[in-house]
Amino acid sequence: MGDLYDSQRAMRQMRKAAMQRGVVAILDVGTSKIACLVLRFDGPEQFRSVDGVGSMAGQSQFRVIGAATTRSRGVRFGEVDAMQETERAIRTAVQAAQKMANVRVDHVIACLSGARPRSYGLDGAIDIHGGMVTEQDISQVMAACDVPDYGADREVLHAQPINFALDHRSGMADPRGQIGNKLTTDMHMLTVDGSAIQNIFYCIKRCDLELAGLASSAYVSGMSSLVEDEQELGAACIDLGGGSTGISIFMKKHMIFADSVRMGGEHVTSDISMGLQIPASTAERIKTFYGGVVATGMDDREMIEIGGDTGDWEHDRRTVSRAELIGIMRPRVEEILEEVRARLDAAGFEHLPSQQIVLTGGGSQIPGLDGLASKILGQQVRLGRPLRVQGLPQAAIGPAFSSAVGLTLFAANPQDEWWDFEIPADRYPARSLKRAVKWFKDNW
Amino acid sequence: MRSLIRRTAPANAAPRDPAPSKLGYKYQRLMLTPGFRASVRIGVPILLIAVIVGSWYSKPENRAALAATIAETKQDFQERPQFMVRALTITGADEATMAQVADLVPSEYPVSSFDLDLEGMRAAIEALDPVKSASVRVGQGGTLAVRLNPRVPAALWRDGATLRLIDGDGVQSGTIASRADRLDLPLIAGDGAEQKIEEALALYAGAGPLRERVRGLVRMGERRWDIVLDREQRILLPGDGAVAALDRVIALNEAQDMLSRDVAVVDMRKAERPTLRMNEEAAIALRRVNTTINNDGAEN
């Protein structure tokens, strides 16, 4: 645990420094596009009347001052595949966003969609002997969680306490200051491939940027596209991305499960490309213009020119009907949704009180997808668009930017993670001053 | 059939999206750094101007030309008719003093008022003995107006063989050849007389009816005054209360015509015991008269 724990702490410090500077960049490294947003933080809200969540869910304190998107290169399945290409793509996006913002960005918060996330539910308990729950007790109870053997080559990306229980009272958000005997906690831990994180780290470092935070894109797109009551009552967010489809389940405003299916919109494109014998760029274009998943009688008569550049007249004047295109796309979309269904079933989604499913991501723009999804995933399916944040350009408010927008929320007010709590005192080195202070406090 | 003219860009090609070079990326980031940007925007023009000016200034002929231009411009400005002084007026003193003052101010006109050191001229004029204070200014119509406030001599001071004119502050303002030139002024003499001139003037003013007869005042031992009258008479006054003592002498004189008798010295140094000293003949005569009276008395 130690290494990433420390580096996560270091990233939190970096995020704090970025807040001081007031400028931080958001980088969504996806398979089909890389989006970069530059946020300017104006400090806490000036006219804040009450405590708690302020106006616009507390996101009026920042503003998007630069946005840029570039075609992604060298990323496959949401993981860095070709280092140099990815670095160049990141550079392109960051440069364009900087140019628009007209400010230099040094800190970047990134998210990645692939890297084979795996969720673990942990629980821990300590005895506090009828005392008052202190910060130290919370650290202790989190340290008391049984961490499973998740593999040497994997890293912890998120570790969030989602529930505290004191004796028989469960569902506490903050047990500090309460009195009880036994403190238990439930924690959700998300691990990803270590090498994928290393590669992202390296690419960002090569661009002279400092990584101030790292998040799973399934998590952040859920943050941005689920509305508050869905997050509270239980909902799943399906982020249909380019190379992978992220699944995150939210309950009581905490993510309790995340997973990803290594299939996405690019697979649909490659199916079209292979099925119709056309280049990938043409396939992408006709997918976005004419794509769909439900064929009607009208679609048989709508012919699409697929063209070509060979010089052969017959070859260059080929046409397909829209029904044929739908016939190619539908099985792949169904496959993706079936796979998502399987993952949701494995996670026990049917036991949640509310089973709302929200489809977002670029793939969710396929016409008729909600009808198909409700047949496969259940009745409560809707298409989700990300929250609106200040200053976001019109081109970046679509569902394809839900993880980028979610990442801005993650940057502005992140949820508590394991590493935000102080290290339990007994984990300190033997001659720590803090331990001496604690001894004095306990004994005098 | 395929058209002969090839379309410039295939409609389905991906949009051009070139990645910046590493150098270009770094350059852009550097130019977005606020401090660097400010230094480029302000520093580079300043440096450029400094280099141009410096290279021009480094040539001696340019430097000389610059100095000449500056001097010429300055002279042109200073020699405007508004600033020229054309005449000199000196007022408020006698001919001799005016001649002395005229040597101290510029003699050639017109002259620019920028070239005149008015304060220096005033100091030089005030350093002259006969001048108590002076005002020097450039007046209406380009005239250098010197107004003198001469010292008014209040007494004559015999300093050895020379007779000096001395004013009420004890500052001498000239010499005269003989006493007859200024018979209106009292004569004072003696060591330290010039430092207590106001006492001497007070005594002289208090002399009243004796004034016609006063020949002079002599400071004795730097502490008290003697008044010398004609007929070699002297009034010895005390150091303190000299004027009161003089008043007593005048009163005695009024009452008994004391000083018109053959008295050599009236000694008022001790207030409780004024003493008269007679001339020798008078003393002998007095003694003889007393003897005769005594003899007569003896015979009776």
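Protein chains in written order, with this note's numbering: chain A, 195 to 638; chain U, 86 to 385. Glycine included, each C-beta is placed from N, C-alpha and C at the ideal position.
**Request:** Check Phe241 (chain A) in the structure and name its three-state DSSP category.
**Result:** Residue placement at Phe241 (chain A) is poorly supported in this model, since its pLDDT is 46, which falls under 50; the coordinates still yield a value, given next. Coil.
**Request:** Please name the residue in A:Asp453, A:Ser548 and A:Asp506 whose C-alpha comes closest to that of Glu180 (chain A).
**Result:** Beyond the ends of chain A as shown, which are 195 and 638, falls residue 180 (chain A); an answer cannot be given.
**Asked** At what residues does the alpha helix (DSSP H) containing Glu279 (chain A) begin and finish?
**Response** Segment Met277 to Ala295, the alpha helix (DSSP H) holding Glu279 (chain A).
**Prompt:** Since Val527 (chain A) is in the alpha helix (DSSP H), which residue starts that stretch and which ends it?
**Reply:** Under the DSSP assignment, Val527 (chain A) falls in the alpha helix (DSSP H) whose first and last residues are Arg516 to Ala541.
**Item:** C-beta neighbour in chain A for Leu117 (chain U), strict 8 Å
**Value:** Closer than 8 Å to some Cβ of chain A, the Cβ of Leu117 (chain U) qualifies, so yes.
**Message:** Let me check one thing: in DSSP terms, what residues is Asp347 (chain U) bridge-paired to?
**Reply:** Partner(s): none; Asp347 (chain U) has no beta bridge.
**Prompt:** By Cβ distance below 6 Å, which residues in the same chain neighbour Gly227 (chain U) in space, the five residues on each side in sequence not counted?
**Reply:** Closer than 6 Å at Cβ, skipping near neighbours: Met169, Val170 and Arg171.
**Prompt:** So, is Ser683 (chain A) buried or exposed, given that buried needs 16 or more other C-beta atoms within 10 angstroms?
**Reply:** In this structure chain A extends from 195 to 638, so residue 683 (chain A) is not present and cannot be described.
**Message:** What are the residues in the segment 253–285 of chain A lying within 7 Å of chain U by C-beta distance?
**Reply:** For the segment 253–285 of chain A, which is checked against every Cβ of chain U, the residues closer than 7 Å are Thr264, Arg265, Arg282, Ala283 and Arg285.
**Prompt:** Just how far apart, CA to CA, sit Val269 (chain A) and Arg400 (chain A)?
**Reply:** Going by the C-alpha atoms only, they are around 16 Å apart.
**Prompt:** Among all the DSSP beta bridges, which residues are the ones paired with Tyr314 (chain A)?
**Reply:** Paired residue(s): A:Met383.
**Request:** Write down the C-beta distance between Gly277 (chain U) and Glu307 (chain U) rounded to the nearest angstrom, noting that I regard them as a contact closer than 8 Å.
**Result:** Correct: roughly 4 Å between the Cβ atoms.
**Request:** Would you verify that the beta carbon of Asp236 (chain A) is, or is not, closer than 8 Å to some beta carbon of chain U?
**Result:** The beta-carbon of Asp236 (chain A) is placed no less than 8 Å from the nearest beta-carbon of chain U.
**Message:** Quick check on the burial criterion: 16 or more other C-beta atoms within 10 angstroms. Buried or exposed for Lys628 (chain A)?
**Reply:** A residue is called buried when at least 16 other Cβ atoms come within 10 angstroms of its Cβ; Lys628 (chain A) does not meet this threshold and is exposed.
**Message:** Please identify the residue among A:Pro547, A:Ala598 and A:Met213 whose C-alpha is closest to the C-alpha of Asp433 (chain A).
**Reply:** The candidate whose alpha carbon is nearest that of Asp433 (chain A) is A:Ala598.
**Asked** Along chain A, in chain order, which residues have C-beta atoms closer than 9 Å to that of Lys159 (chain U)?
**Response** For a Cβ distance threshold of 9 Å, nothing in chain A lies close to Lys159 (chain U): the least Cβ distance comes to about 50 Å.
**Asked** Any residues in the segment 394–422 of chain A with a beta carbon nearer than 8 Å to a beta carbon of chain U? Which ones, in chain order?
**Response** From the segment 394–422 of chain A, only Cys401 and Asp402 have a Cβ closer than 8 Å to chain U.
**Asked** DSSP on Lys144 (chain U), reduced to helix/strand/coil?
**Response** Residue state, collapsed to three classes: coil.
**Neighbouring residues, chain U, relative to Asn298 (chain A) (Cβ below 7 Å)** = The sequence given here has Arg at residue 298 (chain A), not Asn. Scanning chain U for C-beta atoms nearer than 7 Å to the C-beta of Arg298 (chain A) yields Arg114, Leu117 and Thr118, reported in chain order.
**Request:** Flag this pair as yes or no: are the beta carbons of Ser410 (chain A) and Leu360 (chain A) separated by less than 8 Å?
**Result:** The answer is no: Cβ separation not under 8 Å.
**Message:** Rounded to whole angstroms, what is the Cα-Cα separation between Ile228 (chain A) and Thr328 (chain A)?
**Reply:** Between the alpha carbons of Ile228 (chain A) and Thr328 (chain A) lies a gap of roughly 43 Å.
**Request:** Ignoring anything shorter than 3 residues or poking outside the segment 298–353 of chain A, list the beta strand (DSSP E) runs there in chain order.
**Result:** At a cut-off of 3 residues, the continuous stretches assigned as beta strand (DSSP E) that sit fully inside the segment 298–353 of chain A are 301–306 and 312–321.
**Prompt:** Per DSSP, what kind of secondary structure is Gly562 (chain A) in: helix, strand or coil?
**Reply:** Gly562 (chain A) sits in coil when the DSSP states are folded into three classes, being neither helix nor strand.
**Prompt:** Using the C-alpha atoms, what's the distance from Phe358 (chain A) back to Pro369 (chain A)?
**Reply:** Those two C-alpha atoms are separated by around 7 Å.
**Prompt:** What is the C-beta distance between Leu344 (chain U) and Asn338 (chain U), in whole angstroms, given that I count them as a contact (C-beta under 8 Å)?
**Reply:** Cβ atoms of Leu344 (chain U) and Asn338 (chain U) come within 8 Å of each other, at about 5 Å.
**Prompt:** Does DSSP put Glu404 (chain A) in a helix, a strand or coil?
**Reply:** Glu404 (chain A) falls in the strand class under three-state DSSP.
**Request:** Compile a chain-ordered list of the residues in the segment 544–558 of chain A whose CB is closer than 8 Å to at least one CB of chain U.
**Result:** So nothing in the stretch comes that close.
**Item:** Nonlocal neighbours in the same chain, by C-beta distance under 6 Å from Val196 (chain U), ignoring five residues either side
**Value:** The answer, listed in chain order, is Val170.
**Request:** Check the Cβ of Ala104 (chain U) against every Cβ in chain A and list those closer than 7 Å, keeping chain order.
**Result:** For the C-beta of Ala104 (chain U), the chain A residues within less than 7 Å are, from N- to C-terminus, Arg282, Ala283, Arg285 and Thr286.
**Asked** With 16 as the cutoff for other CB atoms within 10 Å, does Ile369 (chain U) come out buried or exposed?
**Response** Counting every other CB atom within 10 Å of its CB across the protein chains shown gives Ile369 (chain U) a total below 16, marking it as exposed.
**Asked** Got a sec, what are the start and stop residues for the beta strand (DSSP E) Trp242 (chain U) sits in?
**Response** Segment Pro238 to Asp244, the beta strand (DSSP E) holding Trp242 (chain U).
**Ile320 (chain U): CB within 7 Å of a non-hydrogen atom of the ligand ZN** = Absent from the structure shown: the ligand ZN. Ligands present: none.
**Asked** Do Ala53 (chain U) and Leu270 (chain U) have their C-beta atoms within less than 8 Å of each other?
**Response** Given a span of 86 to 385 for chain U in the structure shown, any question on residue 53 (chain U) remains unanswerable.
**Strand pairing of Met363 (chain U), partner residues [DSSP]** = Met363 (chain U) pairs with U:Val348.
**Prompt:** Taking Cβ-Cβ distances shorter than 7 Å, what residues in chain U pair up with Gln289 (chain A)?
**Reply:** The answer, in chain order, is Pro105, Tyr110 and Gln113.
**Prompt:** What first and last residue would you give for the alpha helix (DSSP H) that runs through Arg629 (chain A)?
**Reply:** Secondary structure note for Arg629 (chain A): its alpha helix (DSSP H) is the uninterrupted segment Leu627 to Asn637.
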